[in-house]
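Mapping of the sequence shown onto numbering that gives the first Met the number 0: position 35 corresponds to residue 34, and the numbering continues sequentially without gaps.
Note that CB positions come from ideal geometry on N, CA and C, so glycine has one too.
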Amino acid sequence: MSKYPIAVIVGSLRHDSFNRKLANAVAKLAPAEFAFRQVQIGDLPLYNQDDDTNQAESVKRLKNEINGAKGLLFVTPEYNRSIPGVLKNAIDHASRPYGHSAWTGKPAGVLGVSPGASGTAMAQQHLRNILATLDVPTLGQPEAFIQMKEDLFDEFGNIGAESRQFLQSWLDHYVAWVIKHAA
Ligand SMILES: Cc1cc2nc3c(=O)[nH]c(=O)nc-3n(C[C@H](O)[C@H](O)[C@H](O)COP(=O)(O)O)c2cc1C
Numbered sequence: 000m001s002k003y004p005i006a007v008i009v010g011s012l013r014h015d016s017f018n019r020k021l022a023n024a025v026a027k028l029a030p031a032e033f034a035f036r037q038v039q040i041g042d043l044p045l046y047n048q049d050d051d052t053n054q055a056e057s058v059k060r061l062k063n064e065i066n067g068a069k070g071l072l073f074v075t076p077e078y079n080r081s082i083p084g085v086l087k088n089a090i091d092h093a094s095r096p097y098g099h100s101a102w103t104g105k106p107a108g109v110l111g112v113s114p115g116a117s118g119t120a121m122a123q124q125h126l127r128n129i130l131a132t133l134d135v136p137t138l139g140q141p142e143a144f145i146q147m148k149e150d151l152f153d154e155f156g157n158i159g160a161e162s163r164q165f166l167q168s169w170l171d172h173y174v175a176w177v178i179k180h181a182a
């Protein structure tokens, strides 16, 4: 098992999601002792507090994956100037029952890509608000508001040459953040 397993939470269920592509490409920039694994959130039921004492198997699976991770990476689209409902649903599930949140203390990074010029800035800000109350230490700088352009990815799904230096630098900061909090 790798030294730093990272749970990657992609906020889109879309088959050809740009954010999933970004998550895959960024993971390739990481050092060998980091292992990025995307968690599944599309099969979670709608959150209902009545189920807190009897959580669904998919919720238990999600919580186990978060518990086993040394860090979190959120890669999310912006929907109507906030985070998608599927992402909020997953966050709420793994935060419960009260006192048994899986998120507490896990160092996190936030990324997002959108065809719009604001590059998920509002969604990321909303997400940071949520992560703060969950006691998730979240990398503040550099921020990464990425606009989807044709050359963002190369033909192999890697980060394209134009954005590589910036995203490598972001990833290096993220790696240092996780290591610092794991110590
Ligand atoms: C319901 C909905 C709301 C959206 N709202 C925004 C928005 O507020 N800001 C934005 O930049 N893009 C918005 N978009 C466009 C998304 O950024 C775009 O569909 C993007 O490709 C979604 O990410 P994905 O490719 O990872 O699925 C919205 C898309 C949908 C379906």
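For this session: Would you kindly work out how many angstroms separate the C-alpha atoms of His172 and Asp153, rounded to a whole number?
Result: Position 173 of the sequence shown, counted from the start, is the residue given in the question as residue 172. Position 154 of the sequence shown, counted from the start, is the residue given in the question as residue 153. Cα to Cα, His172 sits roughly 23 Å from Asp153.
For this session: With a threshold of 6 Å, establish whether the CB of Gly159 neighbours any heavy atom of ligand 1.
Result: Residue 159 sits at position 160 when you count from the first residue of the sequence shown. Outside the cutoff, so no.
Problem set entry | Between the CA atoms of Ala55 and Phe73 - distance to the nearest angstrom | The residue you call residue 73 lines up with position 74 of the sequence shown. The residue you call residue 55 lines up with position 56 of the sequence shown. Cα to Cα, the separation comes out at about 23 Å.
Exercise. Does any heavy atom of ligand 1 sit closer than 6 Å to the C-beta of Asn63?
Worked result: In the sequence shown, residue 63 corresponds to position 64, counting from 1. The answer is no for Asn63.
For this session: With DSSP collapsed to three states, give me the class of Gly10.
Result: Numbered from 1 along the sequence shown, position 11 holds the residue referred to as residue 10. In this structure, Gly10 counts as coil in the three-state DSSP scheme.
Problem set entry | Where Ser1 sits in the DSSP three-state scheme | Locating residue 1 in the sequence shown gives position 2, where the first residue counts as 1. Three-state DSSP puts Ser1 in coil, outside helix and strand.
Exercise. With DSSP run on the structure shown, which of helix, strand or coil describes Tyr46?
Worked result: Taking the sequence shown and counting its residues from 1, one reaches residue 46 at position 47. If DSSP states are grouped into helix, strand and coil, Tyr46 belongs with coil.
For this session: Along the alpha helix (DSSP H) that carries Leu130, what are the first and last residues, could you check?
Result: Residue mapping note: residue 130 aligns to position 131 of the sequence shown, counting from 1. Start and end: Ala120 to Thr132.
Exercise. Less than 7 Å separating the beta-carbons of Gln146 and Ala175?
Worked result: Indexing the sequence shown from 1 puts residue 146 at position 147. Indexing the sequence shown from 1 puts residue 175 at position 176. Cβ distance not < 7 Å, so Gln146 and Ala175 don't count as in contact.
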